[in-house]
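Asker: So the sequences go chain by chain: E and S. Numbering follows the numbering used here, in which position 3 of the first sequence is assigned residue number 81; successive positions increment by one, without gaps. Numbering follows the numbering used here, in which position 62 of the second sequence is assigned residue number 140; successive positions increment by one, without gaps. Glycine residues also receive a C-beta, built at the ideal position from the N, C-alpha and C atoms. Provided herewith is a single structure, encoded as structure tokens, for subsequent inquiry.
Number of protein chains: 2
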Amino acid sequence: MTTITVDNASKQSFMALVRELVWTYQAFSRLDSDGLRQYRLTQPQADVIFTLGNTDGLTFREIGELTLITKGTLTGVVDRLEKKSLVKRRQGNEDRRCTRVVLTKKGNRLFRDVFPKHIAYLKSHFDQLSNNEILTIQRALKKLRQVF
Amino acid sequence: MTTITVDNASKQSFMALVRELVWTYQAFSRLDSDGLRQYRLTQPQADVIFTLGNTDGLTFREIGELTLITKGTLTGVVDRLEKKSLVKRRQGNEDRRCTRVVLTKKGNRLFRDVFPKHIAYLKSHFDQLSNNEILTIQRALKKLRQVF
DNA sequence: TATTGTTATACTCTATAACTATA
DNA sequence: TATAGTTATAGAGTATAACAATA
């Protein structure tokens, strides 16, 4: 009897935590993709652009590891970015199996000019939080992620 | 100069927070959908089943409000669940524009038997957290969500 | 043989808007 | 006129697996 009670209580507190994580992420995600829409970018596309920023280009494997997009999907995402002239493929010299994906001039401009704007837009919804609160929340999330 | 420094610092701490939220959610999300796959359920489908559990059925509008799935999409999700005999549509009597979505016997079994298993599976990855830590993280997430 | 990236397939979800049937 | 749900369309991401080129 006691065991069941304790178990249920811990299960419920766990579910409440999961629900909170999902709701919080969804709230953020909607804000994020709404903001990105005006630049005609999806979240995965923005993720790739963001990852490529301040690099000399990355291979598909590297981008995949950083963004958690699998290679088959990544080919499609990069295709769409290339069609918009935001990135280009550059064949590797040493290992000719590798393809480097690089930001174009236009892609770099997007990263340098538009991304800060997007971040400011997101941040404007955060101004009620003090730096201290931000740190506390961040630490909590990190702990949560580490147990996964 | 000072202003720029402060602004950059706060921008960076904000970005670190966002990155943490996204990573944490992705870690959870992968675990979640990996676990659901063995029951042939996608996350939106599981979300609907979960929402319908312990109710006498809900209308499309209600489900949409609770799961944040828009009506056009929801029709498709419910179609697929109906094809799997997990839910059924029931025409409303009072207002004949409304359709009630109800769990079938099979859907109820899934909710009652399989869902607890899935939750236990998720929870097994959480056992390193004390109830106190769970509460702390939950409070942090709630504060974060409220500012969105 | 193993790795890199592409291609192909089938499915699911998303946004948007026009449509129907009720109210 | 407004609301509930369906239908249609186009696009984007996902999983999976087979494939070609290279190592």
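State the Cα-Cα distance for the pair R115(S) and D205(E), rounded to the nearest angstrom.
Answerer: C-alpha separation (whole angstroms): 39 Å.
Asker: Anything in the segment 95-106 of chain S with a Cβ closer than 8 Å to a Cβ of chain E? List those residues in chain order, please.
Answerer: If the cut-off is 8 Å between Cβ atoms, the segment 95-106 of chain S has L95, V96, E98, L99, V100, W101, T102, Y103, Q104, A105, F106 near chain E.
Asker: Going by the DSSP bridge assignment, what does T177(S) pair with across the sheet?
Answerer: Its beta-bridge partners are Q169(S).
Asker: Tell me whether L213(E) sits in a helix, a strand or coil according to DSSP, three-state version.
Answerer: Note: L213(E) maps to helix in three-state DSSP.
Asker: What does S88(S) touch in chain E if you count any residue whose Cβ is under 7 Å from its own?
Answerer: The answer, in chain order, is N209.
Asker: For T182(E), which residues from the same chain have a beta carbon less than 7 Å from its beta carbon, with the 5 sequence-adjacent residues on both sides left out?
Answerer: Around T182(E): S163, L164, V165, K166.
Asker: Just list the residues that DSSP pairs T137(S) with in beta bridges.
Answerer: BP columns for T137(S) point to R178(S).
Asker: So what does DSSP say about S88(S), is it helix, strand or coil?
Answerer: Correct three-state label for S88(S): helix.
Asker: For L144(E), which of helix, strand or coil comes out of DSSP?
Answerer: L144(E): helix per DSSP, three-state reduction.
Asker: Report the rounded CA-to-CA distance for L99(S) versus Y117(S), giving the unit in angstroms.
Answerer: Roughly 27 Å separates the two Cα atoms.
Asker: For T214(E) and chain S, any beta-carbon pair shorter than 8 Å?
Answerer: So, interface residue.
Asker: Measuring only the C-alpha atoms, how far is G170(S) from L136(S)?
Answerer: Using only the alpha carbons, I get a separation of about 10 Å.
Asker: Identify each residue in the segment 134-153 of chain E for which the Cβ-Cβ distance to at least one residue of chain S is less than 9 Å, and report them in chain order.
Answerer: Residues L146.
Asker: Hey, does H196(S) have any beta-carbon neighbour from chain E nearer than 8 Å?
Answerer: With 8 Å as the cut-off, H196(S) does not count as an interface residue toward chain E.
Asker: Along the chain, where does the alpha helix (DSSP H) containing K161(S) start, and where does it finish?
Answerer: 149-161 is the span of the alpha helix (DSSP H), which, as asked, contains K161(S).
Asker: Counting Cβ pairs closer than 8 Å, one from the segment 187-199 of chain S and one from the segment 121-140 of chain S, do we hit at least three?
Answerer: Flag = yes, the segment 187-199 of chain S and the segment 121-140 of chain S touch.
Asker: Compute the beta-carbon to beta-carbon distance between Q123(S) and V155(S), rounded to the nearest angstrom, for a pair I have assumed lies under 8 Å.
Answerer: About 6 Å separates the two Cβ atoms, so the contact holds.
Asker: Rounded to a whole number of angstroms, what is the C-alpha to C-alpha distance between A198(E) and Q90(S)?
Answerer: Taking the straight line joining both Cα atoms gives about 11 Å.
Asker: Please check if any C-beta of chain S sits within less than 8 Å of the C-beta of F204(E).
Answerer: Closer than 8 Å: yes.
Asker: If you reduce the DSSP assignment to three classes, tell me which class Y117(S) lands in.
Answerer: In the structure shown, Y117(S) sits in coil (DSSP, three-state: anything other than H, G, I, E or B).
Asker: Kindly indicate which residue of K201(E), Q224(E), Q104(E) has the alpha-carbon position closest to the one of I147(S).
Answerer: Answer by Cα proximity: Q104(E).
Asker: Between I82(S) and chain E, is any beta-carbon pair separated by less than 8 Å?
Answerer: Because the pLDDT of I82(S) is 43, which lies under 50, any placement of that residue in the model is unreliable, and the question is left without a value.
Asker: Which residues in chain S sit within 9 Å of V57(E), going by Cβ to Cβ distance?
Answerer: Residue 57(E) is absent from the structure shown; chain E starts at 79 and stops at 226.
Asker: Report the CB separation of F128(S) from F226(S) in whole angstroms; it is logged as a contact under 8 Å.
Answerer: About 23 Å; that fails the 8 Å criterion.
Asker: Within this structure, are the beta carbons of L152(E) and I215(S) separated by less than 8 Å?
Answerer: Cβ distance not < 8 Å, so L152(E) and I215(S) don't count as in contact.
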